[in-house]
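The next block holds one structure in the form of structure tokens; read it before the comments.
In the numbering used here, the protein residues as written are -3 to 332.
Put into structure tokens, the structure is as follows:
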């Protein structure tokens, strides 16, 4: 709620209370002097102002806001999901030497149309005005990012309804595409670099693009990035025109990792897996308990690893609570 709204509300309360007091006096009904006092209206307006200020300080919207006026509703940008490229996974037929490669940044994707910054969903990013005014008029596509392993932090910052300047000064906007840009991806990369340089805004950066000679070189680069705490790699087909949607013009490469856990119990299967294993509840050496529900052959489902057995599983990454994401069964460890 804006300050002007609060002041208007306070004056309105004062007017209505005084008006009701006069009606009461005319009808000779007994009324308390304090009920109709302007002091009450001022007190209520002050309370609402304090409550709204507290909400703004915390970065959280008023849970019970007053309805927006028609003018305010028209001023609010509509939700428009942007048309952006989406990645496929690396397949055997892909010739990686034809692609430009960059790090896959673990941030929040955001698209700038020249005037409004939006999430992939189409909702508006409530960035500070000083941040937005330094962006160029050229449409851009990239990641709002802080550092490797800081996804939860940056996500919390950029999703607040009321931005906090000091928090946003940590955020970089890493650009890897020009929406609806002409020419090949390699040509768009050159254009992005020039646009970013001319913007002269330290928090606006062009993502570094490079080539690899083949799969082995790609594998080594992926291992290097992951070892340093990165999420993976992105491959853009160098001669591809801009194309929204999912296609082989954009490929993501992530390194699956292996780990071990102890079987705690068997979860019965359902449907086509009735009378067989549905999932294993397991526990990691760190004490994390979760379920493995994929990766089993029919033979394993019919004769699963015993409770207490050690199993190896694959996973892509860990959540902030240490739980493996996209985990699947690999094999049972059989000690000699």
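Every residue gets a Cβ at the ideal spot worked out from N, C-alpha and C, and that includes glycine.
Check	Outcome
At what residues does the beta strand (DSSP E) containing residue 228 begin and finish?	228 to 233
Taking residue 222 as part of the alpha helix (DSSP H), name the residues at either end of that continuous run.	211 to 223
Spatial neighbours of residue 187 within its chain, please: C-beta separation below 7 Å, excluding the five flanking residues on both sides.	174 and 177
Within 10 angstroms of the Cβ of residue 235, are there 16 or more other Cβ atoms? Answer buried if so, exposed if not.	exposed
Going by beta-carbon coordinates alone, are residue 310 and residue 254 separated by less than 9 Å?	yes
According to DSSP, is residue 289 part of a helix, a strand, or is it coil?	coil
Hey, would you say residue 95 sits closer than 9 Å to residue 247, going by beta carbons?	yes
Using only the alpha-carbon positions, how far apart do residue 151 and residue 118 sit?	16 Å
What three-state label does DSSP hand residue 171 in the structure shown?	strand
Quick one: what does DSSP say residue 248 is sitting in, helix, strand or coil?	strand
Which residue marks the beginning of the beta strand (DSSP E) containing residue 273, and which one marks its end?	273 to 279
What's the C-alpha gap between residue 192 and residue 202?	6 Å
Give the straight-line distance between the Cα atoms of residue 156 and residue 122, rounded to the nearest whole angstrom.	7 Å
So if DSSP puts residue 84 in a beta bridge, which residue, or which two residues, is it bridged to?	247
Where does the unbroken beta strand (DSSP E) through residue 100 begin, and where does it stop?	95 to 100
Given this structure, state the Cα-to-Cα distance separating residue 276 from residue 301, to the nearest angstrom.	9 Å
Out of curiosity, what's the CA-to-CA distance linking residue 329 and residue 256?	9 Å
Take residue 273 and list the residues in its own chain whose beta-carbon comes closer than 8 Å to its own, dropping the five residues that flank it on each side.	262, 263, 264, 265, 292, 296, 297, 298 and 300
Of the choices 130, 92 and 90, whose alpha-carbon is the least far from that of residue 108?	130
Where residue 314 and residue 142 are concerned, what is the direct C-alpha to C-alpha distance, given to the nearest angstrom?	18 Å
Check for me: the alpha helix (DSSP H) holding residue 186 runs from which residue to which?	181 to 195
Report all residues from its chain with a CB closer than 6 Å to the CB of residue 326; omit the five preceding and five following residues, and keep chain order.	308, 309 and 310
DSSP on residue 318, reduced to helix/strand/coil?	coil
Per DSSP, what kind of secondary structure is residue 303 in: helix, strand or coil?	coil
Indicate the three-state DSSP secondary structure (helix, strand or coil) for residue 257 in the structure shown.	strand
Kindly identify the DSSP beta-bridge partner or partners of residue 324.	310
Who are the Cβ neighbours of residue 170 in its own chain at under 6 Å, not counting the five residues just before and after it?	101, 138, 139, 141, 201 and 203
Quick one: what does DSSP say residue 294 is sitting in, helix, strand or coil?	helix
Are the beta-carbon atoms belonging to residue 81 and residue 240 less than 9 Å from one another?	yes
Buried or exposed, going by whether 16 or more other CB atoms sit within 10 Å of the CB of residue 212?	exposed
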